[in-house]
Amino acid sequence: MIEAAVSMSALGLGLGLLLGVAARRFHVETPPVVDAIDAILPGTNCGACGYPGCHGLAEAMAEGSAPVTACTPGGRDVALQLATIVDTGSDGAVAGMAETEPTVAFIFEDHCTGCMKCFKRCPTDAIIGANRQIHSVVVDACIGCDACIEVCPTEAIVKRVKPKSIKNWYWDKPQPAFGSGNGGYAA
Amino acid sequence: MSVRSFATLFRPSQFFSIRGGVHPEGRKSLSSDCPIEDMPIPTLIRVPLQQHIGAEAEPVVKRDDVVLKGQLIGKARGPVSANIHAPTSGRVIAVGHFAAPHPSGLPIPTITIRTDGADSWGPRLGRLRPENASPEEIAAKVAEAGIVGMGGATFPSAVKLNLRGKYALHTLVINGAECEPYLTCDDRLMRERAEEIVDGIGIIARALGVTQIVVAIESNKPQAIAAMQRFDRALGIPLRVQVVPTQYPMGSEKHLVKILTGRETPARALTADLGVVVHNAGTAHAVHLAVRYGEPLISRVVTVSGRGVRRPANVRVLIGTPVAEVLAHCGGLTEDPERLLLGGPMMGQPIQNTRVPVVKGTSGILALTRAETPDLDTMPCIRCGRCAQACPVGLTPFEMNARIQADDLDGAGRIGLLDCITCGCCSFTCPSNIPLVQTIHFAKGKLAEQEGRKHQQEETRRLAAARKAREEAAAEAKRQAMAKRKAEMEAKKQREAAAAAATPQPAQHGEPLQ
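These protein sequence lines are chains A and B, in that order.
Numbering follows full-length UniProt numbering, with no gaps: position 92 of the first sequence is 92.
Numbering follows full-length UniProt numbering, with no gaps: position 13 of the second sequence is 13.
Next up, the structure:
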């Protein structure tokens, strides 16, 4: 009994020490740009980019294998911020990115079974609900990342353009015949 | 006579004028001779919970509740918000959403009341004697009554009454300029209710602790000037009526202070920084009703005008009355109007639907015919600079317009986009009909949206961090629970073993059945 305990703890201690030394000895410095990119990304690990979490994307972006436009929930704003610290490779990658309307998830209540799958997946806790209760989306917290759409067993979730409210509504840009750059002078 | 005493003979306002500005045709004679009339109670009243700047009120009634006139139905939420009261007695038939009196027509939280026609008052607010009430009591009463700025900005008045602690205030300016064409509601109110307004002014002045009051009225309202000049004191505080030139936008708070004191309010500062607070004449009347009679803000005077209206009038309308009913009360429309506006023609907002309700900030309902609206044929900018001359803030609208059209919002911001008061002088004066102020409206909205997105990015990060922390805490708790269970199992086993060792084992004695 005593022998077993002593030998096991000696083994654990020795291996732990070995691991600790190895971690110090073979430490690989992460480039500071990865941390900088990580700080800009939303940090929700939603997986919409196809990389394992935001840190995975940050590493891929730092080595140039992912475009700055990869983060779809972040949209154009995040891409523009990233473009200031990452070499975008091709010029105009961000400029070409359409200024998309922000989208949010919407749950069709007829199809929702209250299975809690989306509830557990949502990286920003934007889905409320309980077991066997119809779920609902908190529009202000949703980032439109697809994580819930993938797991929904009844395909009750779709992405929709974020509804306008009176607080964020504004007039369309006037398009006068002249001076708006649409060729009025030529006419 | 010393130089100093000689200098006191002059008022600064004689030497200062506001920069820029325009002189649109007044067209106030359409309704300026119509006495304020009361409107019959409509059958349906829709009271939006957001009629003010700041957070929307929280509903405190449910469907099928019976409400009495003046009963609280929406409670102020947060420091900048305002109470909402039932304008008449009736039954709540919905607490939901309805189209806002706003150019977008988007739905906002609204309480719909089917009136019973009895118009029976509920318990009124407690009355105050302003002569011996403390400033805090007055401000609290004004907040309770849900009073907001009646000039159109709808900023909660109680917040402005509480500025006393933060700034050294000396002057209260009462804004009776009413510089927008067509509008005559403040004019009529001052002509008919001068005594009540002066009492309200006195109450406001006491709450603010100021030593002088200036009532500023444009020179095109001689009867209102005469009516107000009958008073030289309000609750013992000296008051004088100052006639200001008829010029748009004289009623802008900062410009009014500039012309009265000769001092310009710095960009993005308050007039309170100069020791001056500006309130509207209509607000003073509402304060009088609230403090003396305990009546919350449930009605307002609205000018119904424009050549598209059969019988222009000044009507005291219950908050929540549909615009269509007010128009019907005024004889209806003579033709399909080119534009239907809430507010004045310069800064008012077009509406698409006449079923939207009148709210606390609705100063006018204008139906403008084709002949009254400018033509919209735009021509190229000829760099005449008239917009820059007319701009009362000293901006260059033509350049701002060019930058916004080229999607350079930051550039527009650098030349003062956020200082624009969107008075519309530039569009009014432009000989090429370029939609300058409309473009600025768009840019301001766009800029606000970008700010909002930035804010949302930060909030997303916070939410994600909170979720991560919670998940880690849950995992930790689970681990600890497991460890505890394991320890307990261990202890139980040991106890059992000890018990087994201590008790004499019958098997050793017997071993009977083998």
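We put the CB at the ideal spot given by N, CA and C, even for glycine.
Asked                                                                                                                                                                                 : Found
Quick one: complete alpha helix (DSSP H) runs, 4+ long, within the region 33–120 of chain A?                                                                                          : 53–62, 75–83
Taking Cβ positions only, does M379(B) come closer than 9 Å to chain A?                                                                                                               : yes
For F178(A), which of helix, strand or coil comes out of DSSP?                                                                                                                        : coil
Can you list, in chain order, the residues of its chain whose CB lies under 7 Å from that of A156(A), leaving out five sequence neighbours each side?                                 : I107, F108, H111, C112
Touch check for the region 267–279 of chain B and the region 236–243 of chain B: three-plus C-beta pairs under 8 Å?                                                                   : no
Could you confirm whether any beta carbon from chain B is found closer than 9 Å to the beta carbon of I37(A)?                                                                         : no
On the criterion of 16 or more Cβ atoms from any shown chain inside 10 Å, does D377(B) qualify as buried, or is it exposed?                                                           : exposed
Buried or exposed: where does Q247(B) fall if 16 or more other Cβ atoms within 10 Å of its Cβ makes it buried?                                                                        : buried
State the CB to CB distance for the pair A388(B) and F398(B), rounded to an integer number of angstroms; the pair is presumed to be in contact (CB under 8 Å).                        : 7 Å
Please list the segments of the beta strand (DSSP E) lying wholly inside the region 74–114 of chain B, counting only runs of 3 or more residues, in order along the chain.            : 90–99
Quick one: complete beta strand (DSSP E) runs, 3+ long, within the region 115–194 of chain B?                                                                                         : 171–176
One question on the structure: do G21(B) and G394(B) come within less than 9 Å of each other, judged by their Cβ atoms?                                                               : no
Give the DSSP bridge partners of residue 516(B), in chain order.                                                                                                                      : Absent from the structure is residue 516(B), since the part of chain B shown begins at 1 and ends at 514.
Note down, in chain order, every chain A residue with its Cβ under 8 Å from the Cβ of residue 540(B).                                                                                 : In the structure as shown, chain B begins at 1 and stops at 514. Residue 540(B) is therefore absent and cannot be evaluated.
Cβ of Y170(A) less than 9 Å from any chain B Cβ?                                                                                                                                      : yes
In three-state DSSP terms, what is Y248(B)?                                                                                                                                           : strand
Would you report the Cα separation of V86(A) and P357(B), rounded to the nearest angstrom?                                                                                            : 52 Å
Considering Cα atoms alone, identify which of G308(B), A324(B), P322(B), H329(B) is closest to N314(B).                                                                               : H329(B)
Give a yes or no on whether the C-beta atoms belonging to L82(A) and I37(A) are separated by under 9 Å.                                                                               : yes
Residues of the region 105–139 of chain B in Cβ contact with chain A at a cutoff of 8 Å, in chain order, please.                                                                      : L106, I108
To which residues of the same chain is G53(A) closer than 8 Å at the C-beta, ignoring the five residues directly before and after it?                                                 : N45, G47
F178(A) touches chain B at which residues, Cβ-Cβ below 9 Å?                                                                                                                           : T378, M379, P380, C381, S432, I434
In whole angstroms, what separates the C-alpha of T124(A) from that of T72(A)?                                                                                                        : 15 Å
In or out: E63(A) buried (at least 16 other Cβ within 10 Å) or exposed?                                                                                                               : exposed
Give the DSSP-derived three-state secondary structure of Q514(B) in the structure shown.                                                                                              : Confidence at Q514(B) is low in this model, with a pLDDT of 47, below 50, so the placement of that residue is unreliable and no value is reported for it.
According to DSSP, is M228(B) helix, strand or coil?                                                                                                                                  : helix
Flag Q450(B) as yes if its beta-carbon sits less than 9 Å from any beta-carbon of chain A, otherwise no.                                                                              : yes
May I have the straight-line CA-CA distance separating G200(B) from E335(B), to the nearest angstrom?                                                                                 : 40 Å
Kindly give me the distance between the Cβ atoms of K162(A) and T439(B), rounded to whole angstroms, as I take these residues to be in contact under 8 Å.                             : Contact flag wrong, Cβ pair sits at about 24 Å.
When you compare only the Cα positions, how much space is there between G445(B) and L106(B)?                                                                                          : 16 Å
Provide the residue(s) that pair with Q349(B) in DSSP beta bridges, ordered along the chain.                                                                                          : L342(B)
Taking the continuous beta strand (DSSP E) assigned at I365(B), which residues delimit it?                                                                                            : 364–368
Quick one: measure Cβ to Cβ for R188(B) and P35(B), integer angstroms, because I've assumed they're closer than 8 Å.                                                                  : 7 Å
Could you name the residues of the same chain whose beta carbon sits closer than 6 Å to that of N353(B), not counting the 5 residues immediately before and after it, in chain order? : A99, G105
On the CB-based measure, 16 or more other CB atoms within 10 Å of its CB, does V137(A) come out buried or exposed?                                                                    : buried
Within the continuous alpha helix (DSSP H) that includes V158(A), where are the two ends?                                                                                             : Element bounds for V158(A): not the alpha helix (DSSP H) but the beta strand (DSSP E), 157–161.
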